[in-house]
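For the sequence shown, this note's numbering begins at 16 and goes up steadily by one.
Positions of the beta carbon are idealized from the N, C-alpha and C atoms, including for glycine.
What you are looking at is a predicted structure, and each value in this text was computed from that prediction instead of being measured.
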Amino acid sequence: MANDQAYAEYPQHDDYQHDDTPNDIPRVTYIEVPEGHEERRLDNFLVSRIKGVPKSHIYAIIRSGEVRINSKRSKASSRIDAGDRIRIPPIRTAHRSRSEPQRELVDLIEQSIIYEDDDIIAINKPRWVGAHSGVNRPYGVIEIFHYLSNSKDLYLVHRLDLETTGVLLIARNLNILRKINSVWHKQDSTHKIYTAVVQGLWKQGKQDDTRSISHIYKEKVGGEFIMKTAKSPMDKSEHQPAHAPRREEAGEDEKRARKAITLFKLLEHKDDYSLMEAEILTGRTHQIRSQAAEEGHPIVGDKKYAFLATNIRQKDELALHCLRIEFTLDDRVYEFMAPTPEVFDKYGFQLA
16 MANDQAYAEY
26 PQHDDYQHDD
36 TPNDIPRVTY
46 IEVPEGHEER
56 RLDNFLVSRI
66 KGVPKSHIYA
76 IIRSGEVRIN
86 SKRSKASSRI
96 DAGDRIRIPP
106 IRTAHRSRSE
116 PQRELVDLIE
126 QSIIYEDDDI
136 IAINKPRWVG
146 AHSGVNRPYG
156 VIEIFHYLSN
166 SKDLYLVHRL
176 DLETTGVLLI
186 ARNLNILRKI
196 NSVWHKQDST
206 HKIYTAVVQG
216 LWKQGKQDDT
226 RSISHIYKEK
236 VGGEFIMKTA
246 KSPMDKSEHQ
256 PAHAPRREEA
266 GEDEKRARKA
276 ITLFKLLEHK
286 DDYSLMEAEI
296 LTGRTHQIRS
306 QAAEEGHPIV
316 GDKKYAFLAT
326 NIRQKDELAL
336 HCLRIEFTLD
346 DRVYEFMAPT
356 PEVFDKYGFQ
366 LA
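What follows is the structure, given as structure tokens:
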């Protein structure tokens, strides 16, 4: 699963065409915060304004105390307001060239739109298209929409993994992004439903919802990072599982573990596969994928977690899809649905 936690901000990227000449800022400069950026985090605002500078360098100058808001020392998490005066120390910026995106990718994203209005765009994210750019991937969904609109005033509401398909939401402005963020984790009015094909008969055919609760933390295994889970028998308790590592015995990664809750429901079973519904009540990286494997039923095609659970290499496509997102905003119910990809048909499952 993707990291489904709503974005508080989405750092902007470089413009699509820059000249390659390094641009020196040899002296202290000041930026006045314009209207429309109230309550943004300082780090995200600076990333959007200082082009060609690695994010790590921006964080370094903030930590040094050289970046100040209205002459006061600040933190990366400091909130800014319109009219604030931000002091920027001398920086050397290197503008990078970026070619235009491939026409095929632009067409694919445009054809994936399932809903749009003045506030929200919803797409059925294709497989192998990132929600945002990454290593060796200069364009993701959000960069394509920046390109199409010739504007950076569009923001990802959440993310999906590279291989995960389904509903992906984009906010057309910061105001609507903040409104969605305010209701994103309200379990009584917001629902994020995924569907997946897993290996085996889920819990011997148990029809009742399975509430999978664990604490997830990142660990490097075999040269790559995975999300590991400390299994919990809890229901709604926030306390640490009794058989999880005690805090004084836990490693640094385990101490940073965050609670993850998924409701799994068996929909159908055929041969050695189960069609599942998974509603996430929290939004953690790879939440559904790691918890399904932990329950003994890894998602078909999951080359990372299925192998760890079964020691069998996966050759098929990942059968995980964000089927529906629903939330209530300003007394209006928004519901977005995306048809499942063909990989589900391969296992004999067809969703309406």
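Between the CA atoms of residue j and residue i - distance to the nearest angstrom
| i | j | result |
| --- | --- | --- |
| residue 203 | residue 56 | 28 Å |
| residue 311 | residue 205 | 28 Å |
| residue 101 | residue 191 | 26 Å |
| residue 359 | residue 88 | 54 Å |
| residue 142 | residue 340 | 18 Å |
| residue 318 | residue 226 | 24 Å |
| residue 153 | residue 129 | 24 Å |
| residue 93 | residue 365 | 48 Å |
| residue 200 | residue 345 | 16 Å |
| residue 133 | residue 99 | 29 Å |
| residue 338 | residue 352 | 6 Å |
| residue 347 | residue 187 | 17 Å |
| residue 106 | residue 44 | 9 Å |
| residue 362 | residue 288 | 7 Å |
| residue 231 | residue 148 | 25 Å |
| residue 95 | residue 195 | 20 Å |
| residue 83 | residue 161 | 30 Å |
| residue 163 | residue 150 | 22 Å |
Beta-carbon proximity of residue i to residue j, cut-off 9 Å
| i | j | result |
| --- | --- | --- |
| residue 211 | residue 183 | no |
| residue 178 | residue 50 | no |
| residue 181 | residue 72 | no |
| residue 120 | residue 144 | yes |
| residue 294 | residue 208 | yes |
| residue 124 | residue 61 | no |
| residue 63 | residue 167 | yes |
| residue 214 | residue 68 | no |
| residue 304 | residue 242 | yes |
Rounded Cβ spacing between residue i and residue j (contact assumed at less than 8 Å)
| i | j | result |
| --- | --- | --- |
| residue 140 | residue 175 | 5 Å |
| residue 185 | residue 228 | Their Cβ separation, rounded to whole angstroms, is 31 Å, which puts residue 185 and residue 228 out of contact at 8 Å. |
| residue 302 | residue 275 | 5 Å |
| residue 91 | residue 48 | Wrong, their Cβ atoms sit about 16 Å apart, outside the cutoff. |
| residue 173 | residue 298 | 7 Å |
Strand pairing of residue i, partner residues [DSSP]
| i | result |
| --- | --- |
| residue 209 | 293, 337 |
| residue 149 | 152 |
| residue 280 | 292 |
| residue 100 | 47 |
| residue 85 | Looking at the DSSP assignment, residue 85 forms no beta bridge with any residue, so it has no partner. |
| residue 70 | Paired residue(s): none; residue 70 is not in a bridge. |
| residue 56 | 94 |
| residue 186 | 135, 170 |
| residue 344 | 347 |
Next on the checklist: Counting beta carbon pairs with one atom in the region 113-131 and one in the region 72-80, are three or more of them shorter than 8 Å?
Outcome noted: The region 72-80 is not in contact with the region 113-131.
Item to check | Touching by the beta-carbon criterion (3+ pairs, under 8 Å), the region 213-227 and the region 278-288 | outcome: A contact exists between the region 213-227 and the region 278-288.
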